[in-house]
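Novice: In the working numbering, the protein residues as written are -15 to 178.
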Ligand SMILES: Cc1cc2nc3c(=O)[nH]c(=O)nc-3n(C[C@H](O)[C@H](O)[C@H](O)COP(=O)(O)O)c2cc1C
């Protein structure tokens, strides 16, 4: 069996998506797959999907927006990413995924595919929305505007359980589900190696 190569390109503002990307790379490497992981916000010349058997593009969300660079990558290479011989993975790291998982998948992932006219073909495309990190602790030094935006994003979480906070409004809340992240990596790997 020839060695498979996967490119993982991510955009992050606060680091959560970066850690997930590296974890996924580690899981794929454990199955003998070669990975190349790049922060698309920093890399000047990210590689084309042409050089890889699979590509995973990811972003953290802020005010319902991806980081720019991963979207640019998808736009630039949409024709190649449509290719049924290439496995295309996408994920976002977001708070909406904790509040309303289906909505997060629709708003942040399915709409992205639609925007770039990539058919949602489950034979070679896999995507998921993972919970993110909400850090209200002093260490993050969030700008006041960002803190307000994060508080807004968290509002849906207060509605449940008798109006109580389901998170620490002064601390670091990490909602990343490493089990789900492993499931995603396994599904991607299975599609790649089948
Ligand atoms: C200023 C700010 C705004 C945010 N807005 C949203 C949002 O609109 N929707 C959402 O699902 N998550 C939102 N989040 C949660 C982030 O997606 C979450 O913190 C994620 O872990 C960020 O990923 P990153 O660290 O890779 O940038 C927001 C977070 C911050 C700090």
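Don't be surprised by glycine CBs; every beta carbon is placed ideally from N, CA and C. Just so it is clear, the structure is predicted and the values come from calculations on it, not from any experiment.
Using 8 Å for Cβ pairs, my map puts residue 117 next to residue 156. What's the rounded Cβ distance?
Specialist: 7 Å
Novice: Roughly how many angstroms lie between the CA atoms of residue 137 and residue 32, to the nearest whole one?
Specialist: The alpha-carbon separation between residue 137 and residue 32 amounts to approximately 34 Å.
Novice: Run the proximity test for residue 164: is its beta-carbon closer than 7 Å to any non-hydrogen atom belonging to ligand 1?
Specialist: With a cutoff of 7 Å, residue 164 does not count as near ligand 1, since its C-beta is closer than that to no heavy atom of the ligand.
Novice: Rounded to the nearest angstrom, what separates residue 164 and residue 99 at their Cα positions?
Specialist: Rounded to whole angstroms, residue 164 to residue 99 spans 26 Å at the Cα level.
Novice: Just to confirm, are residue 104 and residue 94 a CB contact at a threshold of 8 Å?
Specialist: yes
Novice: Assuming residue 76 contacts residue 133 (C-beta within less than 8 Å), just tell me the rounded distance between them.
Specialist: At roughly 16 Å, the Cβ-Cβ gap does not stay under 8 Å, so residue 76 and residue 133 are not in contact.
Novice: Is residue 141 near ligand 1, going by C-beta to nearest heavy atom under 7 Å?
Specialist: No, the beta carbon of residue 141 sits no closer than 7 Å to any heavy atom of ligand 1.
Novice: Taking its Cβ as the centre, do 16 or more other Cβ atoms sit within 10 Å of residue 83, making it buried, or is it exposed?
Specialist: buried
Novice: Does the beta-carbon of residue -2, which I'm using as the reference point, lie nearer than 7 Å to any heavy atom of ligand 1?
Specialist: At least one heavy atom of ligand 1 is nearer than 7 Å to the Cβ of residue -2, so yes.
Novice: Please classify residue 74 as buried or exposed, where buried requires at least 16 other C-beta atoms within 10 Å of its C-beta.
Specialist: buried
Novice: Please classify residue 202: does DSSP put it in a helix, a strand, or coil?
Specialist: Lying before the first or after the last residue shown, residue 202 is absent from the chain, which here runs from -15 to 178.
Novice: Please confirm whether residue 115 and residue 169 have their CB atoms less than 8 Å apart.
Specialist: Between residue 115 and residue 169, the gap from beta carbon to beta carbon reaches 8 Å or more.
Novice: Is residue 46 a contact residue of ligand 1, with contact defined as CB to any heavy atom under 7 Å?
Specialist: yes
Novice: Looking at residue 16 and residue 54, is the spacing between their C-beta atoms short of 8 Å?
Specialist: Their beta carbons are not under 8 Å apart, which means residue 54 does not touch residue 16 by this criterion.
Novice: Indicate, with yes or no, if ligand 1 has a heavy atom lying under 7 Å from the CB of residue 78.
Specialist: yes
Novice: At a threshold of 7 Å, does residue 88 count as lining ligand 1 (C-beta to nearest heavy atom)?
Specialist: With a cutoff of 7 Å, residue 88 counts as near ligand 1, since its C-beta is closer than that to a heavy atom of the ligand.
Novice: For ligand 1, is there a heavy atom less than 7 Å away from the beta-carbon of residue -10?
Specialist: no
Novice: Is any non-hydrogen atom of ligand 1 found closer than 7 Å to the C-beta of residue 1, if you look at the structure I gave you?
Specialist: yes
Novice: Would residue 89 and residue 37 qualify as a contact pair, given that the criterion is a beta-carbon distance under 8 Å?
Specialist: no
Novice: Hey, could you find the ends of the beta strand (DSSP E) residue 129 is sitting in?
Specialist: Segment 128 to 138 is the alpha helix (DSSP H) holding residue 129; no beta strand (DSSP E) there.
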